[in-house]
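To keep things clear, I will list the structure first and then write my remarks on it.
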């Protein structure tokens, strides 16, 4: 995902796809069906040879079945070859095999975008990945049972002398932080106009903008109602009385969902593929649509011209 | 027994036969003897006051109704082992005087990404109930719960005399929430954040503590992965004369640690932060005298941190080694050579955590020096299945021979032998916790090629006090036979990639009467094994089976037969109605109330909850035909 920015590609076709997610899915269904169209092949873009893997990242029922049978031949094979004989695996019934494949599928879901990024790359370069694996079985979620903050300690040891330290301000050198390949949560802060206390959402719980939008609606619906009617005891409210917050993604509602990415830019939510969004988003904000500035026609499509912190 | 016989006859002249059936309280109008219930309550309230163990209190509450009521009025500490086993309403209706509460949420396997995110275990419904009923709450302990910043704000407002807040393995909040706690909880003595996922909201929460002298005794924030305003921290430590426990995060350099230590020589527990230099230092600038700072801490008994250690600085801790009872080097990637000069001075050490970088040789040094060792944990530097692994049966054997008082061990390794495990079972009869993780799946004894059955068998047989066990390596049903046969005190068992047939699980469920928590993954146990535990599930806190061979039909059958259980099922394919499909995860637990309504609907694969009238819902859709209401205490429930 690093260094990969669809924002930089100013192709008109992208604007056509924004912001309706259905169109993304339709487009991806076309493209995952046996290769890419000629048009796509001719497009200039960044990416691994052999195809645009970002489109294949979008989740949906169709694509997940694709994932389970098409994308992990290596994983499936790897999972059944273990170094020591395992009596019960050999006795496994035929129905057990689908379980293994689906487990790989679930492995993908739980480990998030980063893992998905690697698998098609493996597919493109099968020889080296097999060489890496040696006789080891495919990695399994949550094994060995080490919590994430205890991982990757091989990088952590610093025998640096003081003069080698980079930062000027007494500050931690980020390169020394243990690298987390598959964090189990991805909490980002989300604030809403008119609600003093922000919330946190775990983006790992969603796989699409629609689900995120619904969750935001649920999160803030009660709070908004409580804010607007201060005499009401929020606990006693029936859920039906609260107004649904809709139209967050397409500008049609009273509120619009925006986010600040890792470069500090404020973006409309929904512009980029979901997984890229998850990896670059730093915080979310729900703004009143009436306060949104017009989209600037600058170099970055979707970027809001208004500067200023969230 | 007649009360009349003891009453003075104030009326006089009345003909009463002391042998006849007496009417209680008869014969005298002015004296009203207390009713039997009242006497009983007075006695119990005065006796119960001294009963602190929850097990004793639970037993007392079962004697009869008046004991139940008296106990409920006098219990002040509450322990909820599974937040979904009982509704907050039921708790606040029964207990009126709670001052301290401990609540545990997600099952332990959630630490290893085996639970979907946003699964549940929210603090909010508990908070809502307690904000009304327990305004005098002083202590809150939460483990594996989802806590939001808003929750922390509400807690700070609702519990004006909150003294202790301990959050272990929690998530969902950030430095925003910490700022609110620091600012609003004027009586906070203990603020401990352990192994929690805390977002960096770029808030200087340390500055939010009130400016006057604080009553802080414990401030633990080593898991907070965000920069700290050091000057504010220094001032805070300076105005916290009662501070005994301070654990810093990895953003604190060793120079900053020095400044803090000289302000707080009274510390008993210290987490050192990075233990390396993070700043740019001018050429030729004098290093602080770290050794003298440690020497000044005469009360220091527990040392941890070393999150980013520069091993050259390790010698600074020599002055305190002789007093240490606990040393945690589990983030320090150091070799045996670097460990030896430290450990050989730690004669009083009872708890030692390290990385396997110290290798078997380092463990031999531990064994030689730490004769009083009670707890050992060895974590892997590389948590991979096919790494080389610097520790092995050699280290385990050495420890067993030198540390005879060992009670608890967690040992990650790549290779092991039955002989070493058997030796430990004989050398360390006091073992209560034995957790061995051979990281390669299905690895046999690497010398004999045999399964690890005999080793674990010896542990359960010889360690008569064993209550917690985690097994690994190549294991057949025979290992489970041993456990069922000998593990009569076993309460917690963790199994992964083990066993051959349903017999394995049957041995456990039929043989271990005290089994409370059972977590199993990737083992070939199916429905018939599941049914073998029907007699026991009500005695358990939970059972977890993932990637085993239980089917949805099996889960539903258990739920049907045991209405007091909630059975949560995470199936891979929600659309598939086939009940003979293996479920991916089954998590069952006893519950006094309806199945929870807060299971996530927005996630990709929400868990299906079966049991008690089989409440079900479809992925992604609101609960059709069912209304979600809130009870007066705020908890959500379903009604049709």
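Protein chains in written order, with our numbering: chain D, 99 to 408; chain H, 1400 to 2039. C-beta: ideal position from N, C-alpha, C; glycine also. Just so you know, these numbers come straight off a predicted model, no measurement behind them.
Using three-state DSSP, classify residue i as helix, strand or coil.
i                       : result
residue 1586 of chain H : coil
residue 365 of chain D  : strand
residue 241 of chain D  : coil
residue 1882 of chain H : helix
residue 249 of chain D  : coil
residue 1703 of chain H : strand
residue 357 of chain D  : strand
residue 2001 of chain H : Low confidence applies here, because residue 2001 of chain H scores a pLDDT of 38, under 50, leaving its location unreliable; read the following figure in that light. It is coil, neither helix nor strand.
residue 1435 of chain H : helix
residue 1570 of chain H : strand
residue 294 of chain D  : strand
residue 1956 of chain H : helix
residue 334 of chain D  : At residue 334 of chain D, the pLDDT of 45 sits below 50, so the modelled position is not reliable and the matter cannot be decided from this model.
residue 1720 of chain H : helix
residue 1927 of chain H : helix
residue 318 of chain D  : helix
residue 1596 of chain H : strand
residue 388 of chain D  : helix
residue 1526 of chain H : helix
Closest to residue i by CA distance: which of the options is it?
i                       : options                        : result
residue 1789 of chain H : H:1504, H:1610, H:1777, H:1661 : H:1777
residue 1537 of chain H : H:1551, H:1553, H:1559, H:1524 : H:1559
residue 1502 of chain H : H:1508, H:1546, H:1745, H:1659 : H:1546
residue 1676 of chain H : H:1628, H:1708, H:1965         : H:1708
residue 1847 of chain H : H:1827, H:1870, H:1815         : H:1815
residue 1984 of chain H : H:1920, H:1511, H:1941         : H:1920
residue 348 of chain D  : D:247, D:250, D:311            : D:311
residue 1484 of chain H : H:1981, H:1967, H:1982, H:1980 : H:1967
residue 1736 of chain H : H:1447, H:1759, H:1824         : H:1759
residue 1515 of chain H : D:370, D:361, D:284            : D:284
residue 1865 of chain H : H:1806, H:1823, H:1902         : H:1806
residue 286 of chain D  : D:363, D:351, D:299            : D:299
residue 1672 of chain H : H:1645, H:1661, H:1690, H:1691 : H:1645
residue 1571 of chain H : H:1552, H:1595, H:1892, H:1563 : H:1595
residue 251 of chain D  : H:1781, H:1792, H:1821         : H:1781
Given a threshold of 16 other Cβ atoms within 10 Å of its Cβ, counted over all protein chains shown, does residue i qualify as buried or as exposed?
i                       : result
residue 1463 of chain H : exposed
residue 1934 of chain H : exposed
residue 1575 of chain H : buried
residue 1859 of chain H : buried
residue 391 of chain D  : exposed
residue 383 of chain D  : buried
residue 1454 of chain H : exposed
residue 1906 of chain H : buried
residue 1682 of chain H : exposed
residue 1611 of chain H : exposed
residue 1496 of chain H : exposed
residue 1446 of chain H : exposed
residue 1527 of chain H : buried
residue 1963 of chain H : exposed
residue 1732 of chain H : buried
residue 1586 of chain H : exposed
residue 1721 of chain H : exposed
Spell out whether any CB of chain A is found under 8 Å from the CB atom of residue i.
i                       : result
residue 1730 of chain H : Considering every chain present, this structure includes no chain A. Its protein chains are D and H.
In this structure, what does DSSP give as the bridge partners for residue i?
i                       : result
residue 1460 of chain H : In DSSP, residue 1460 of chain H forms no bridge with anything.
residue 2060 of chain H : The structure shown has nothing for residue 2060 of chain H, since chain H only spans 1400 to 2039.
residue 1851 of chain H : None; residue 1851 of chain H has no bridge partner.
residue 300 of chain D  : D:285
residue 1540 of chain H : H:1501, H:1565
So if I threshold CB-CB distances at 7 Å, which residues from the region 348-381 of chain D count as touching chain H? none
Selection of the region 1830-1843 of chain H by Cβ proximity to chain D, strictly under 8 Å: 1836, 1838, 1839, 1840, 1841, 1842, 1843
Interfacial residues, the region 1591-1612 of chain H to chain D, with Cβ spacing under 8 Å: 1594, 1596, 1598, 1600
What residues in the region 1772-1799 of chain H bring their beta carbon closer than 9 Å to a beta carbon of chain D? 1778, 1779, 1780, 1781, 1782, 1783, 1784, 1785
With 7 Å as the limit, tell me which residues of the region 1541-1554 of chain H have their beta carbon closer than that to any beta carbon of chain D; keep them in chain order. 1547, 1548, 1549, 1552
Taking a cut of 7 Å between CB atoms, which residues from the region 285-296 of chain D lie near chain H? 285, 287, 295, 296
Taking any Cβ of chain D, which residues in the region 1432-1457 of chain H have a Cβ under 7 Å from it, in chain order? none
Got a sec: which bits of the region 307-325 of chain D sit with their beta carbon under 7 Å from any beta carbon on chain H, in order along the chain? 309, 312, 313
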